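Structure first, commentary second.
There are 2 protein chains.
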Amino acid sequence: MALIVKKFGGSSVADANRVRNVARIVTEDYKKGNSLVVVVSAQGDTTDDLIEKAREINPEGASKREMDMLLSAGEQISVALLAMAVEQLGFPVVSLLGWQAGFQTDSKYGVARIKRLDVTRLEAELARKNIVIVAGFQGINKYDDITTLGRGGSDTSAVAIAAALHADRCEIYTDVDGVYSADPRKVKTAQKMQEITYDEMLELATLGAQVLNNRSVEMAKKYNVELEVRSSLEPTVPGTIVKEVVQMEKMLIRGVAKDGDVAQISVIGLQDNPGVAFRIFHLLAQKNINVDVILQSIGRSGTKDITFTVPRPQLKDAVGTLTEYQSVIGFQSLTSNDTVAKVSVVGSGMESHPGVAARMFEALYEAGVNIMMISTSEIKISVIIAQDDADRAVEAVHDAFIG
Amino acid sequence: MALIVKKFGGSSVADANRVRNVARIVTEDYKKGNSLVVVVSAQGDTTDDLIEKAREINPEGASKREMDMLLSAGEQISVALLAMAVEQLGFPVVSLLGWQAGFQTDSKYGVARIKRLDVTRLEAELARKNIVIVAGFQGINKYDDITTLGRGGSDTSAVAIAAALHADRCEIYTDVDGVYSADPRKVKTAQKMQEITYDEMLELATLGAQVLNNRSVEMAKKYNVELEVRSSLEPTVPGTIVKEVVQMEKMLIRGVAKDGDVAQISVIGLQDNPGVAFRIFHLLAQKNINVDVILQSIGRSGTKDITFTVPRPQLKDAVGTLTEYQSVIGFQSLTSNDTVAKVSVVGSGMESHPGVAARMFEALYEAGVNIMMISTSEIKISVIIAQDDADRAVEAVHDAFIG
Chain D
1 MALIVKKFGG SSVADANRVR NVARIVTEDY KKGNSLVVVV SAQGDTTDDL IEKAREINPE
61 GASKREMDML LSAGEQISVA LLAMAVEQLG FPVVSLLGWQ AGFQTDSKYG VARIKRLDVT
121 RLEAELARKN IVIVAGFQGI NKYDDITTLG RGGSDTSAVA IAAALHADRC EIYTDVDGVY
181 SADPRKVKTA QKMQEITYDE MLELATLGAQ VLNNRSVEMA KKYNVELEVR SSLEPTVPGT
241 IVKEVVQMEK MLIRGVAKDG DVAQISVIGL QDNPGVAFRI FHLLAQKNIN VDVILQSIGR
301 SGTKDITFTV PRPQLKDAVG TLTEYQSVIG FQSLTSNDTV AKVSVVGSGM ESHPGVAARM
361 FEALYEAGVN IMMISTSEIK ISVIIAQDDA DRAVEAVHDA FIG
Chain Y
404 MALIVKKFGG SSVADANRVR NVARIVTEDY KKGNSLVVVV SAQGDTTDDL IEKAREINPE
464 GASKREMDML LSAGEQISVA LLAMAVEQLG FPVVSLLGWQ AGFQTDSKYG VARIKRLDVT
524 RLEAELARKN IVIVAGFQGI NKYDDITTLG RGGSDTSAVA IAAALHADRC EIYTDVDGVY
584 SADPRKVKTA QKMQEITYDE MLELATLGAQ VLNNRSVEMA KKYNVELEVR SSLEPTVPGT
644 IVKEVVQMEK MLIRGVAKDG DVAQISVIGL QDNPGVAFRI FHLLAQKNIN VDVILQSIGR
704 SGTKDITFTV PRPQLKDAVG TLTEYQSVIG FQSLTSNDTV AKVSVVGSGM ESHPGVAARM
764 FEALYEAGVN IMMISTSEIK ISVIIAQDDA DRAVEAVHDA FIG
């Protein structure tokens with residue numbers, strides 16, 4: 001007799017059969033006497049199709065407000081279809097859009113943040129014993145205009161509902177059956193974890209493990225919502241539980257992740273004055289460009305060089321911005337490289353084990369992988385390497401620690 | 404410097420080019436200094452595609468609430484796309500869903516009626532000099548759930564806005580450039596009317612002229628909203644104006660219309676008691692079956708027969724209902740015919756000209772068309788004939804009066 005929030009991504013509801021499959025998973029849990037809120041994304045390629053429609057009409061780029069109006073129709077379609085599939089199985093159900101479910105956001109169209117979740121309607125529908133299907137990814141702002149939460153927004157919607165309703169758990173259904181120590185499609189010895197901490201999951205999410213969106217993990221951590229990552233195709237297989245403290249297993253390293261979506265920029269010949277780094281990263285922050293690994297080195301004749309990575313889709317923007325402000329920043333030249341990747345090992349155990357970095361670098365050396373940049377935190381070591389080496393590097397590092 | 408409401412149907416926004424065409428029509432009027440509210444339907448086949456998706460999931464029929472949730476996504480997509488096309492031309496624009504535009508309806512999902520239109524947001528957006536794009540066909544009920552207005556609902560949305568805002572005119576764009584005295588695709592001598600009264604338009608709409616939805620004409624009549632039917636493909640061609648009083652033209656008959664979507668039912672051998680007709684039509688009304696032409700005749704041995712027509716899609720329902728209650732109603736047998744059509748002549752002029760019916764019947768006789776039923780009102784004469792005769796009948800009658 002628990003209150004469970006379930007979230008299903010776009011591939012889990014891609015066609016009529018998948019939608020019926022989700023309806024079966026949901027009603028199985030309802031039959032056991034549980035209360036259920038189900039968050040759904042848009043079906044399969046719907047979002048891409050809608051973006052293509054927008055591009056056809058306005059190739060230079062529509063306003064973000066109208067994009068949100070357009071894209072939020074995708075989840076509207078999927079909640080209605082899932083509700084129909086649940087009706088078909090003979091269970092009481094109601095679908096709700098973001099605004100009907102009480103999602104109030106700020107006005108940053110396309111990347112809105114949830115400001116408040118008014119659960120009045122959700123609670124009323126649960127009290128009526130309805131299975132409540134909620135459109136993920138969307139809300140409304142103070143002007144009553146529709147906003148979307150950006151990439152991975154449906155995970156965030158699910159966690160927010162679980163937090164606000166004090167749900168017993170929040171299950172995130174994907175097309176893998178849990179969180180693995182490396183990408184199981186690439187590394188045969190990858191192991192599924194029973195449990196993982198929020199912090200480890202956060203590092204893995206931001207590092208491109210692509211299982212859970214990091215905003216949703218941050219929110220789950222903040223409100224102490226226990227997450228479970230499970231497969232919608234094998235709903236009876238236990239997944240991976242994400243929570244604050246986990247039983248320490250023998251593994252030192254929790255997982256090895258690859259982020260192939262990285263580009264590197266070098267700003268060369270900067271004056272060696274205070275404030276130079278500030279000017280660069282302040283400018284990039286203003287343009288909403290996410291800078292990741294940063295490395296500063298001494299250049300020739302009293303200058304210095306700064307090298308850093310950005311998400312590959314933001315490379316053009318970043319280079320454009322820096323070039324535009326070349327005289328303000330004061331540098332000689334700029335180089336960029338979009339054929340790099342980031343490989344990282346993550347594990348809360350490494351804090352107390354100083355040998356982790358050395359073991360990682362040894363494994364990379366033996367695999368013939370050249371390290372271009374290194375970045376470390378308490379529970380993570382990342383290296384920037386050539387993109388072509390990335391898969392080999394993941395396998396070598398995984399073998400050294402886990403496999 | 405007028406306030407104009409324009410409505411564009413699904414075929415007018417069927418693809419990117421059509422959407423851009425509508426944006427041009429709209430901005431041309433905006434450039435002249437007019438205030439503009441634009442009501443749009445779902446793109447071309449979107450509604451049919453969504454219905455098909457629902458049918459795949461739940462072939463026995465989804466609930467009407469969830470159908471409305473699903474279908475209203477269609478207009479959401481088209482308002483966003485049209486707004487993007489207007490943005491692309493460099494004009495200020497905002498798209499609004501039914502609930503955002505203030506449409507409050509009753510809770511009859513699928514066939515909801517507008518109870519109130521709160522124009523606060525519409526007026527605010529017009530005051531900001533925005534071109535306001537409104538999703539037709541939809542609103543919300545008192546539970547904050549989405550409702551749809553049923554067939555032709557976007558016309559009704561447009562007229563409701565024009566009435567509430569006291570718009571100078573309401574232009575309904577279709578794929579024909581006005582109201583004709585007969586279907587111009589079938590009758591070569593069909594003439595476009597400059598003006599037509601609400602009552603005449605109502606008769607033509609209910610008779611299958613399929614230019615304007617009759618609910619919207621009724622509402623336009625009630626609130627004295629001047630309508631203009633125009634073509635989105637030839638936006639510079641003047642259309643047909645629908646209003647209360649029109650200049651009498653020489654034509655006695657305004658138009659000849661065909662409704663091919665008709666079926667005939669005969670209830671045979673009824674007891675000749677009071678209340679028999681009441682029982683039949685009360686039952687059918689309870690099932691929301693629209694009965695049209697009714698004919699009662701004396702049957703054999705003190706019984707009577709009642710023959711009437713219903714919309715063809717409701718034939719099965721009507722026959723089923725009557726059969727179920729055969730003993731309550733008390734009749735011997737039931738026959739039905741789904742190969743009939745209704746042909747009507749409409750014109751306010753006919754009240755003072757008793758020869759109209761005779762001339763119509765003569766034309767049908769000369770064309771060899773057998774009349775099965777006759778029904779008359781002040782401004783209309785309808786006959787039920789074999790479906791195969793319908794086109795020939797329209798042409799013959801049109802020739803006799805207009806061609």
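Chains as they are written, first to last, in our numbering: chain D, 1 to 403; chain Y, 404 to 806. For glycine and all other residues, C-beta sits at the position ideal for the given N, C-alpha and C. Just so it is clear, the structure is predicted and the values come from calculations on it, not from any experiment.
Quick one: list the residues of chain B neighbouring residue 118(D), beta-carbon separation under 8 Å, in chain order. No chain B appears in this structure, whose protein chains are D and Y.
Skipping 5 residues on each side, what residues in its chain have a beta carbon closer than 8 Å to that of residue 645(Y)? 582, 598, 599, 600, 601, 604, 615, 620, 623, 629, 630, 631 and 632
Between which two residues does the alpha helix (DSSP H) containing residue 271(D) stretch? Where residue 271(D) is concerned, there is no enclosing alpha helix (DSSP H), although the beta strand (DSSP E) it sits in stretches over 255-271.
Using a C-beta to C-beta distance shorter than 8 Å, which residues of chain D count as neighbours of residue 480(Y)? 50, 53, 70 and 73
If we count the other Cβ atoms within 10 Å of its Cβ and call it buried at 16 or more, is residue 90(D) buried or exposed? exposed
Exposed or buried, which one is residue 801(Y) when buried takes at least 16 other CB atoms within 10 Å? buried
Nearest-angstrom Cα separation, counted from residue 413(Y) out to residue 447(Y): 5 Å
Please name the residues in the region 150-167 of chain D whose beta-carbon is closer than 8 Å to at least one beta-carbon of chain Y, in chain order. none
Does residue 45(D) have its Cβ less than 8 Å from a Cβ in chain Y? no
Beta-carbon spacing of residue 533(Y), residue 496(Y) below 8 Å: yes
Collapsed DSSP secondary structure at residue 238(D) in the structure displayed: coil
Among 449(Y), 721(Y) and 459(Y), which has the Cα closest to the Cα of residue 73(D)? 449(Y)
Unbroken beta strand (DSSP E) run spanning residue 334(D), endpoints: 333-346
Identify which residue in 328(D), 324(D), 337(D) and 327(D) has its Cα closest to the Cα of residue 313(D). 337(D)
Determine, using beta carbons only, whether residue 112(D) comes closer than 8 Å to chain Y. no
Give a yes or no on whether the C-beta atoms belonging to residue 154(D) and residue 41(D) are separated by under 8 Å. yes
Under 7 Å between beta-carbons, which chain Y residues line up against residue 56(D)? List them in chain order, please. 419
For the beta strand (DSSP E) containing residue 327(D), list its first residue and its last residue. Looking at the DSSP string, residue 327(D) is not in any beta strand (DSSP E); the run it does join, the alpha helix (DSSP H), is 326-329.
In this structure, does DSSP put residue 139(D) in helix, strand or coil? strand
Taking only beta carbons into account, state which residues of the region 18-33 of chain D come closer than 9 Å to chain Y, listed in chain order. 19, 20 and 23
The beta strand (DSSP E) spanning residue 174(D) covers which residue range? 169-174
Does the distance from the C-beta atom of residue 759(Y) to that of residue 753(Y) stay below 8 Å? yes
Does DSSP put residue 708(Y) in a helix, in a strand, or in coil? strand
With distances taken from CA atoms, which of 406(Y), 724(Y) and 484(Y) is nearest residue 526(Y)? 406(Y)
Mapping the DSSP letters down to three states, classify residue 503(Y) as helix, strand or coil. coil
Residue 695(Y) to residue 713(Y), Cα distance in whole Å? 6 Å
Report the rounded CA-to-CA distance for residue 98(D) versus residue 141(D), giving the unit in angstroms. 11 Å
Within 8 Å of any Cβ in chain Y, is that where the Cβ of residue 426(D) sits? With chain D running from 1 to 403 in the structure shown, residue 426(D) is simply not present.
Give me the Cβ distance between residue 268(D) and residue 331(D), rounded to the nearest whole Å; I'm assuming they're in contact under 8 Å. 6 Å
Return the CA-CA distance between residue 578(Y) and residue 425(Y), expressed in angstroms with no decimal places. 12 Å
Suppose you measure from the CA of residue 488(Y) to the CA of residue 422(Y); what does that come to, to the nearest Å? 7 Å
As assigned by DSSP and simplified to three states, the class of residue 198(D): helix
Going by alpha carbons, who is nearest to residue 550(Y) out of 656(Y), 679(Y) and 515(Y)? 515(Y)
List the DSSP bridge partners of residue 583(Y). 595(Y)
Please decide whether residue 219(D) counts as near chain Y, where near means a Cβ-Cβ distance under 8 Å. no
Buried or exposed: where does residue 329(D) fall if 16 or more other Cβ atoms within 10 Å of its Cβ makes it buried? buried
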